[in-house]
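The structure under discussion appears below in the form of structure tokens.
Protein chains: 2
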Amino acid sequence: MGSQVTIEVAAHAGVCYGVERALSMAADAAASAPAPVHTLGPLIHNPLVVRELAETGVGLADTLDDANAGSVIIRAHGVVPSVIEAARERGLAVIDATCPYVKRVHHAAERLVAEGYQLIVVGESGHPEVEGIMGHADGRARVVSDTSDLEGIELERRVGVVVQTTQTQDNLSRIVSELTRRVDEVHVVNTICSATQERQQAAAELADRADVMVIVGGKNSGNTRRLAQICSERCERTRHIEDASELDAAWFEDARLIGVTAGASTPSAHIDRACTRIQELTGAAHAR
Amino acid sequence: MGSQVTIEVAAHAGVCYGVERALSMAADAAASAPAPVHTLGPLIHNPLVVRELAETGVGLADTLDDANAGSVIIRAHGVVPSVIEAARERGLAVIDATCPYVKRVHHAAERLVAEGYQLIVVGESGHPEVEGIMGHADGRARVVSDTSDLEGIELERRVGVVVQTTQTQDNLSRIVSELTRRVDEVHVVNTICSATQERQQAAAELADRADVMVIVGGKNSGNTRRLAQICSERCERTRHIEDASELDAAWFEDARLIGVTAGASTPSAHIDRACTRIQELTGAAHAR
Chain L
1 MGSQVTIEVA
11 AHAGVCYGVE
21 RALSMAADAA
31 ASAPAPVHTL
41 GPLIHNPLVV
51 RELAETGVGL
61 ADTLDDANAG
71 SVIIRAHGVV
81 PSVIEAARER
91 GLAVIDATCP
101 YVKRVHHAAE
111 RLVAEGYQLI
121 VVGESGHPEV
131 EGIMGHADGR
141 ARVVSDTSDL
151 EGIELERRVG
161 VVVQTTQTQD
171 NLSRIVSELT
181 RRVDEVHVVN
191 TICSATQERQ
201 QAAAELADRA
211 DVMVIVGGKN
221 SGNTRRLAQI
231 CSERCERTRH
241 IEDASELDAA
251 WFEDARLIGV
261 TAGASTPSAH
271 IDRACTRIQE
281 LTGAAHAR
Chain Y
1 MGSQVTIEVA
11 AHAGVCYGVE
21 RALSMAADAA
31 ASAPAPVHTL
41 GPLIHNPLVV
51 RELAETGVGL
61 ADTLDDANAG
71 SVIIRAHGVV
81 PSVIEAARER
91 GLAVIDATCP
101 YVKRVHHAAE
111 RLVAEGYQLI
121 VVGESGHPEV
131 EGIMGHADGR
141 ARVVSDTSDL
151 EGIELERRVG
161 VVVQTTQTQD
171 NLSRIVSELT
181 RRVDEVHVVN
191 TICSATQERQ
201 QAAAELADRA
211 DVMVIVGGKN
221 SGNTRRLAQI
231 CSERCERTRH
241 IEDASELDAA
251 WFEDARLIGV
261 TAGASTPSAH
271 IDRACTRIQE
281 LTGAAHAR
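Chains as they are written, first to last, in our numbering: chain L, 1 to 288; chain Y, 1 to 288.
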């Protein structure tokens, strides 16, 4: 190995605006909001960050029943509107860290439902962002994760489409293409956020050239998993880690270019730690 | 050859509601409208029918300048609104034989433009139906015949899509899929008419089984040409004829199943003449 090994971080990687904003709101809340401060569910899909938050005094409440005093932080993924109402009724201070791009999905969903469309939410069933979006729709709305899910749905004449912010363009395009064949009117509001697109494009571009790809971020993070999937389609030696301690020298044997990318819920410090550890393991002369 | 040869006409083939209506309105006009009676451009894209109409006293005017008295029939493809106004200003009786499904495209185009979308008309540039649709849009509207046409267009954030009634679902799906990647909001009103879809599906189904496919209809008919294209992708021995007199015994050598279909502008009598002639040439025992 030695000096021929290069580490390259994808041009767009790691923490996005919405996550940075949520982390900053949580830090402010720890300092000044009525105590105790809890996030309702993990603030972001990154176990390391959740542990770091706990150290600053921001606890994790699974439901409102676990947070019966002080302040509650609504996480970046957003929630159904009734949760915010219920928190206020309990006298909790509500700090809404819902990502502004997720709010855009909520508004698009409400608008399409108000205009009479049957709403299709393209996303992962059960994902908190998707659950939150569904809370802004009506009883006719359905979640579709791929084209095969359309089989089980009785489609109406006019269908509106919104998208979980971290979905891939390819999946959305396939679903819209199929819907266009099946119904009279399809109104798509493409709510995939640009940070997601940029990370996906940069990851694909780097994975096309790299010998090994390392994806840093929560195993429970949908957008990080999709980056890993995009990379593994282009680079056989793709590894998804949560922390630098998981890195193994054997992964990098004979590699000349090691690509690194990270999901939108991965703080820069975690990327830096991974790069430093790869340098230690491979003797890479420099990282860029 | 002999008794093993079968002729099968596609389950949906030939003249559609809009064309039947236009032919019937032209017959009525020949009998009772102020003379002379002209169609503005060919009533439908079928040279034989145009000749038959001339024999009943319905002439062909290329422009309003060729029809300066009596009645003018607006053809099934529709026109831009200013043509109807101009005809009325000249004191002509206007008989509007625009297909109701084409009118639906005009209304969808007007609605999307009024709602602020940049309009994309999926269709053949220069086709009279497409020209008519464009007349119901604004200066930002563009015609797109396939995905490559999108390259030359500066797309806005919000794009509305309507479709020439006789386009294929596949082409529409490809274009919508690509648009979904490129803009924030895509509002598709799928104005492909069900007659077109039925004819295309039935043609494909028959072409998959047939040894030879014969497509009957105007060479200048877009929907007939698309049927020929769909069939030639599934059956190598596909022939597009305007009239039974073009049929050649050599085409049917060793054929066991001969499929016949026809565009929406092909009267039943023309299909019958083709079937009779194929029977004469091949000795087919029966047609169904």
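Where is the CB? At the ideal position from N, CA and C, for every residue including glycine.
Between L/C99 and Y/V214, what straight-line distance do the alpha-carbon atoms span, to the nearest angstrom?
About 59 Å.
Express the C-alpha separation of Y/K219 and Y/E246 in angstroms, rounding to a whole number.
Between Y/E246 and Y/K219, the C-alpha separation is close to 13 Å.
Is the Cβ of Y/Q169 closer than 8 Å to any Cβ of chain L?
It does; some Cβ of chain L falls within 8 Å.
Going along the chain, which residues of the stretch 188 to 205 of chain Y sit with their C-beta nearer than 7 Å to a C-beta in chain L?
Result list: V188, V189, N190.
Among Y/V5, Y/E110, Y/V19, the one whose alpha carbon lies nearest that of Y/Q195
According to the sequence displayed, residue 195 of chain Y carries Ala and not Gln. For the residues Y/V5, Y/E110, Y/V19, the minimum Cα distance to Y/A195 belongs to Y/V19.
Considering only the alpha carbon of each residue, which of L/L179, L/A249, L/N223 lies closest to L/L150?
Comparing Cα positions, the closest option is L/L179.
Cross-chain neighbours of Y/D65 in chain L, by beta carbon under 8 Å:
By Cβ distance, chain L contributes nothing, its closest Cβ being about 39 Å from Y/D65, past 8 Å.
Quick check on Y/E85: buried or exposed, where buried means 16 or more other Cβ atoms within 10 Å of its Cβ?
So Y/E85 ends up on the exposed side.
Grab the span of the alpha helix (DSSP H) containing Y/G123 for me, first residue to last.
No alpha helix (DSSP H) contains Y/G123, which DSSP labels as neither H nor E.
Test item: CB-CB of L/V37 and L/L43 under 8 Å:
The beta carbons of L/V37 and L/L43 sit no closer together than 8 Å.
Taking the Cβ atom as the reference point for each residue, do L/V94 and L/R88 lie within a distance shorter than 8 Å?
In this structure, L/R88 lies closer than 8 Å to L/V94 by Cβ.
Quick one, are the C-beta atoms of L/I258 and L/A203 less than 8 Å apart?
If you check the CB distance, L/I258 and L/A203 do not come in under 8 Å.
Three-state secondary structure assigned by DSSP to L/S245
If DSSP states are grouped into helix, strand and coil, L/S245 belongs with the helices.
In angstroms, rounded to a whole number, what distance separates the CA positions of Y/A137 and Y/T168?
Those two C-alpha atoms are separated by around 22 Å.
Is DSSP giving L/H107 helix, strand or coil here?
Note: L/H107 maps to helix in three-state DSSP.
Where does L/G218 sit, in a helix, a strand or coil, going by DSSP?
Three-state DSSP puts L/G218 in coil, outside helix and strand.
In angstroms, rounded to a whole number, what distance separates the CA positions of L/R225 and L/H240?
Using only the alpha carbons, I get a separation of about 8 Å.
Chain L residues whose Cβ lies nearer than 7 Å to that of Y/L172
Under the 7 Å cutoff, chain L gives T180.
If Y/L227 sits next to Y/R199, beta carbons under 8 Å apart, how far is it from one beta carbon to the other, in whole angstroms?
Sure, about 6 Å apart at Cβ, within 8 Å.
Rounded to whole angstroms, what is the Cα-Cα separation between Y/I278 and Y/T261?
If you take the alpha carbons of Y/I278 and Y/T261, they lie about 13 Å apart.
My output table needs one value for L/M1: the three-state DSSP class, helix, strand or coil.
Low per-residue confidence applies at L/M1: pLDDT is 44, beneath 50, and the placement is therefore not dependable enough to give any value.
Could you check if L/N68 is buried or exposed, using at least 16 other CB atoms within 10 Å of its CB as the buried criterion?
By the 10 Å Cβ count, L/N68 comes out exposed.
Chain L within 8 Å of Y/E253, Cβ atoms only
No - not a single Cβ of chain L is within 8 Å of the one on Y/E253.
What residues in its chain sit with their C-beta under 6 Å from that of L/A244, if we drop five residues either side in the sequence?
The answer, listed in chain order, is R273, A274, R277.
Where does L/V79 sit, in a helix, a strand or coil, going by DSSP?
If DSSP states are grouped into helix, strand and coil, L/V79 belongs with coil.
Buried or exposed for L/E253, going by 16 or more other Cβ atoms inside 10 Å?
Note on L/E253: under 16 other CB atoms within 10 angstroms of its CB, so exposed under the neighbour-count rule.
Is it buried or exposed for L/R157, if we count other Cβ within 10 angstroms and need 16 for buried?
With fewer than 16 Cβ atoms within 10 Å of its Cβ, L/R157 is classed as exposed.
What is the rounded straight-line gap between the Cα of Y/H127 and the Cα of Y/L48?
Take the alpha-carbon of Y/H127 and the one of Y/L48: they are about 19 Å apart.
For Y/V186, which residues in chain L fall below 8 Å Cβ to Cβ?
Going along chain L in sequence order, the residues near Y/V186 (Cβ under 8 Å) are V176, V186, H187, V188, N190.
What residues are listed by DSSP as bridge partners for L/T238?
Partner residues in the beta bridge of L/T238, as assigned by DSSP, are L/M213.
In three-state terms, what does DSSP make of Y/D254?
Under the three-state reduction of DSSP, Y/D254 is assigned to coil, being neither helix nor strand.
Could you pull the start and end residues of the beta strand (DSSP E) that L/I7 belongs to?
Here the beta strand (DSSP E) through L/I7 covers 6 to 9.
CB-CB length for L/A284 against L/V9, believed under 8 Å
Incorrect: roughly 12 Å between the Cβ atoms, too far for contact.
Pair within 8 Å by beta-carbon distance, Y/V176 and Y/V188:
Result yes, Cβ atoms of Y/V176 and Y/V188 sit closer than 8 Å.
Just list the residues that DSSP pairs Y/I95 with in beta bridges.
Partner(s): Y/I73.
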